[in-house]
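S.K.: So for the sequence shown, numbering that gives the first Met the number 0 puts the first residue at 0; every next one is plus one. First the structure, then my questions, so here it is.
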Amino acid sequence: MIELDGVSHTYRIGEQRTSAIREVDFRVDQGEIVSIVGPSGSGKSTLLNVMGCLLTPDSGAVRIMGKDMSRLSDAAKAEIRRLHIGFIFQSFNLIPVLNAFENIEYPLIIGGAAAGERKRRVGAILERVGLAQHQHKRPDQLSGGQKQRVAIARALITNPGFVLADEPTANLDSHTATEILALMSELNRELKTALIFSTHDPKVSAFAHKQVRIEDGTLVA
């Protein structure tokens, strides 16, 4: 599904160099739920961004669906993201002028899906995440948990191979976070979509199939 082999990335600001991740070997298979834990600044978000083809590493290999990302053009990487990768952001990143239905539909529009197909697929996933009755509401009319459900539905609407989630419960209360994790676990079992989280939340780590820890940019046992 996704494999990192000796991957390193350094941020450069002027003359300053900051090593974010170093010599990372990492693999996620189909249907796995993996949590990446570590303190702030340890490299969790950088690791997710590399896996999501949003950052190009300085060294090492990133392979998605068996394809070496270093051999692909930017346009080809964008196509990989569109077809195979879903993203769930800590701050939801919903488009404020669009309602729930339209936010979920947006990736399908970009992908060129026909209107009837979009309506069918979005309607089905709205039912699945329990938001059919809220589909016409804009993000500012939704609770935090409802926004996260929209974000989950949007990430899954293209049937990606895996979803990257950056602190998915950070802005939710404990009860809502538990509900969201239960929903994602159900969807994981049904769709066989791999889920990869960066998190500080022990509840997220507890529900993952496996946990990896990162400290100072290096994976530790």
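No residue lacks a Cβ here, since even glycine has one placed at the ideal position from N, Cα and C. Note that the structure is a prediction, hence the values are computed from the model and not measured.
#1: Taking contact to mean at least 3 C-beta pairs separated by less than 8 Å, is the region 155-173 in contact with the region 188-201?
#2: Taking the alpha carbon of Ile-84 as the point to measure from, which residue in Ile-151, His-8, Asp-4, Ala-207 has its own alpha carbon closest?
#3: Output the distance between the C-alpha atoms of Arg-222 and Val-96, rounded to the nearest integer angstrom.
#4: Which ranges would you report for the beta strand (DSSP E) in the region 43-90 if only whole runs of at least 3 residues count?
#5: Report yes if the CB atom of Arg-81 is closer than 9 Å to the CB atom of Thr-175, and no otherwise.
#6: Considering Cα atoms alone, identify which of Leu-155, Glu-101, Gly-144 is closest to His-135.
#7: Have a look at the DSSP bridge pairing and note the partners of Arg-127.
#8: With DSSP as the reference, please indicate the residues paired to Ile-20 in a beta bridge.
#9: Assign Arg-212 to one of three DSSP states: helix, strand, or coil.
#10: Alpha carbon to alpha carbon, how far is Ser-39 from Glu-22? Give it in angstroms, no decimals.
#11: Among Ala-181, Ile-94, Thr-177, Leu-182, whose alpha-carbon lies nearest the alpha-carbon of Leu-141?
#12: How is Arg-224 classed by DSSP in three states: helix, strand or coil?
#13: Quick one: Cα of Arg-11 to Cα of Phe-88, how far?
M.R.: In terms of the structure at hand:
#1: Yes, the region 155-173 touches the region 188-201.
#2: For the purposes of this step, residue 84 is identified with residue 85 of the sequence shown, where counting begins at 1. Distances from the CA of Ile-84 to each of Ile-151, His-8, Asp-4, Ala-207 were compared; the closest alpha carbon is that of Ile-151.
#3: The chain is shown from 0 up to 220; residue 222 falls before or after that span and cannot be answered.
#4: Listed in chain order, they are 58-63, 84-87.
#5: By one-based count along the sequence shown, residue 81 stands at place 82. By one-based count along the sequence shown, residue 175 stands at place 176. No, Cβ-Cβ distance for Arg-81 and Thr-175 is not below 9 Å.
#6: Counting from 1 along the sequence shown, the entry for residue 135 is found at position 136. When each option's Cα is compared against that of His-135, the closest is Glu-101.
#7: Locating residue 127 in the sequence shown gives position 128, counting from the first residue. None; Arg-127 has no bridge partner.
#8: Start at 1 with the first residue of the sequence shown, and residue 20 comes out as number 21. In the DSSP output, where bridge partners are listed per residue, Ile-20 has His-8.
#9: On the sequence shown, residue 212 is found 213 positions in, with the first residue counted as 1. Three-state result, Arg-212: strand.
#10: On the sequence shown, residue 22 is found 23 positions in, with the first residue counted as 1. On the sequence shown, residue 39 is found 40 positions in, with the first residue counted as 1. Straight-line Cα distance between these residues: approximately 19 Å.
#11: By one-based count along the sequence shown, residue 141 stands at place 142. Among Ala-181, Ile-94, Thr-177, Leu-182, the Cα nearest to that of Leu-141 is on Ile-94.
#12: Because the chain spans 0 through 220 in this model, residue 224 falls outside it and cannot be assessed.
#13: Stepping through the sequence shown from its first residue, residue 11 is reached at position 12. Stepping through the sequence shown from its first residue, residue 88 is reached at position 89. Arg-11 and Phe-88: Cα-Cα distance of roughly 24 Å.
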